[in-house]
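Novice: Numbering (the UniProt record's numbering), first residue to last: 1 to 334.
Quick reminder that beta carbons are idealized off the backbone N, C-alpha and C, glycines included.
Got a structure here, written out as structure tokens. Questions coming.
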């Protein structure tokens, strides 16, 4: 793992992986924006830390570390833990486990959007959603589909359902806890990037639920001092259909989709990388813990060892999908 990549960035902050054994040294740093602990349970590390309930499956234990160039102002408002600088706001929320995915999503997103608007950072650019039993049925509907209904209702209620300004996002099934949402917001909207190999998620037919998922395939953000690129959770989907049953075939299609969205950002918006081996960070979610080593080796054989990568156990939002990949690019040395 190349921990130097944590600080090699342009824009207002960097992100990467640090050894879990070193987490204490970052807790009291006023520049620490977030410490995401890849554990099934446990106590959060300091005010910036939280436990993802997505256990790491492979390699030395790491945490995801976000470090701001400016000192961070941190506070709590209701159930939200918030942090901001002059350029962005970071928000996270952890709710108790319930059997009400639609309601939880609607309540969480409505509150999140109000807080961001009041703080003058109204534009979501990247969001993560983790909650248990994502593929289980609840009141006659899969919990992920219910989550999508609640999220869409919140966005519409606050006039935030703009198909041209939806954030990059991931939604994964966690091993415990309730709904966790963490999000990055900016004063100005990011540039939405879609994948030419796929139907945009917000245009999926109703075969996948009464409301389409409200996210973009990626978001490019031009900060004052550099450009960041955030890739949503990406899986083996072509058009709008899941394809392939084998793990290796799904990996191949997933990587092809990641390659396509990076290339699209390079072509359309001048992103200064064109292939995923130049990303600052990869996060890989696998459904079956026994697949972790195979997934790691397959990706390393194709991407090399330069890009930091964590392999986590999580349920993907479609029950037939075995793996999902997301990534981020924070620029070079700034």
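Can you name the start and end residues of the beta strand (DSSP E) that residue 185 belongs to?
Specialist: Run containing residue 185: 180-186, per the beta strand (DSSP E) assignment.
Novice: Kindly identify the DSSP beta-bridge partner or partners of residue 88.
Specialist: In DSSP, residue 88 forms a bridge with 186.
Novice: Around the C-beta of residue 275, are 16 or more other C-beta atoms found within 10 angstroms, so that it is buried, or is it exposed?
Specialist: That one is exposed.
Novice: Compute the Euclidean distance between the alpha carbons of residue 174 and residue 74, then round it to the nearest angstrom.
Specialist: Rounded to the nearest angstrom, the two C-alpha atoms are 26 Å apart.
Novice: Is it the case that the Cβ atoms of residue 34 and residue 123 are separated by a distance below 8 Å?
Specialist: Taking 8 Å as the Cβ cut-off, residue 34 and residue 123 do not qualify as a contacting pair.
Novice: In three-state DSSP terms, what is residue 107?
Specialist: In the structure shown, residue 107 sits in a helix (DSSP, three-state: H, G or I).
Novice: Pairing CB atoms from the region 91-107 with CB atoms from the region 266-284, are three or more of them under 8 Å?
Specialist: Verdict: no, contact absent.
Novice: How would you call residue 87, buried or exposed, if buried means at least 16 neighbouring beta carbons within 10 angstroms?
Specialist: Classification for residue 87: buried.
Novice: Would you please state the rounded distance, in angstroms, between the beta carbons of residue 127 and residue 181? I believe it to be under 8 Å.
Specialist: The Cβ separation is near 7 Å, so the contact holds.
Novice: Closest to residue 156 by CA distance: which of 23, 106, 179 is it?
Specialist: Checked all of 23, 106, 179; the closest Cα to residue 156 is 106.
Novice: Rank 319, 165, 188, 69 by C-alpha distance to the C-alpha of residue 363 and give the top, closest one.
Specialist: No statement about residue 363 is possible, as the shown extent of the chain runs from 1 to 334 and does not include it.
Novice: Hey, how far is the Cα of residue 60 from the Cα of residue 272?
Specialist: Taking the straight line from one Cα to the other gives about 31 Å.
Novice: Quick check on the DSSP output: what are the complete beta strand (DSSP E) runs of length 3 or more inside the region 101-152, in order along the chain?
Specialist: DSSP runs (the beta strand (DSSP E)) wholly in the region 101-152: 123-132.
Novice: Tell me the rounded alpha-carbon separation between residue 296 and residue 245.
Specialist: If I take the Cα positions, the gap works out to 19 Å.
Novice: Going along the chain, which residues of its own chain have a beta-carbon closer than 8 Å to the beta-carbon of residue 178, five neighbours each way excluded?
Specialist: Closer than 8 Å at the Cβ level, and outside the excluded window around residue 178, lie 94, 95, 96, 97, 98, 104, 131, 132.
Novice: I'd like to know whether the C-beta atoms of residue 167 and residue 125 end up nearer to each other than 8 Å.
Specialist: Yes.
Novice: Can you pull the DSSP bridge partners for residue 282?
Specialist: Paired residue(s): 309, 327.
Novice: Check whether the region 190-207 touches the region 252-265, taking contact to mean three or more Cβ pairs, one atom from each stretch, closer than 8 Å.
Specialist: The region 190-207, when compared against the region 252-265, does touch it at the 8 Å Cβ threshold.
Novice: Residue 305: buried (16+ other C-beta within 10 angstroms of its C-beta) or exposed?
Specialist: It counts as exposed.
Novice: Taking DSSP as the reference, what is the three-state secondary structure of residue 64?
Specialist: Looking at residue 64 - three-state DSSP - the assignment turns out to be strand.
Novice: Helix, strand or coil for residue 194 per DSSP?
Specialist: Note: residue 194 maps to coil in three-state DSSP.
Novice: Look up residue 17 in the DSSP assignment and give the residues it is bridged to.
Specialist: Note: residue 17 sits in a beta bridge opposite 64.
Novice: Step through the CB atoms of chain C and report whether any lies within less than 8 Å of the CB of residue 321.
Specialist: No chain C is part of this structure, which consists of one protein chain only.
Novice: Does DSSP put residue 2 in a helix, in a strand, or in coil?
Specialist: Low per-residue confidence applies at residue 2: pLDDT is 42, beneath 50, and the placement is therefore not dependable, though the value from the model is reported in the following sentence. Three-state result, residue 2: coil.
Novice: Can you tell me where the beta strand (DSSP E) with residue 33 in it begins and where it stops?
Specialist: Element bounds for residue 33: 32-37.
Novice: What does the Cβ neighbour count give for residue 239, buried or exposed, with the cut at 16 atoms within 10 Å?
Specialist: The residue is exposed, with fewer than 16 neighbouring Cβ atoms inside 10 Å.
Novice: Rounded to a whole number of angstroms, what is the C-alpha to C-alpha distance between residue 1 and residue 81?
Specialist: Caution is warranted here: a pLDDT of 41 is assigned to residue 1, below 50, making its placement in the model unreliable, and the coordinate value is therefore given only provisionally. Straight-line Cα distance between these residues: approximately 29 Å.
Novice: Which residues does DSSP pair with residue 287 in a beta bridge?
Specialist: Answer is none; residue 287 lacks a bridge partner.
Novice: Take the Cβ of residue 5 as the centre, count every other Cβ of all protein chains shown within 10 Å, and call the residue buried at 16 or more, exposed below.
Specialist: Because residue 5 sits at a pLDDT of 45, beneath the cut-off of 50, its placement in the model cannot be relied upon, and the following sentence gives the value as read from the coordinates. Classification for residue 5: buried.
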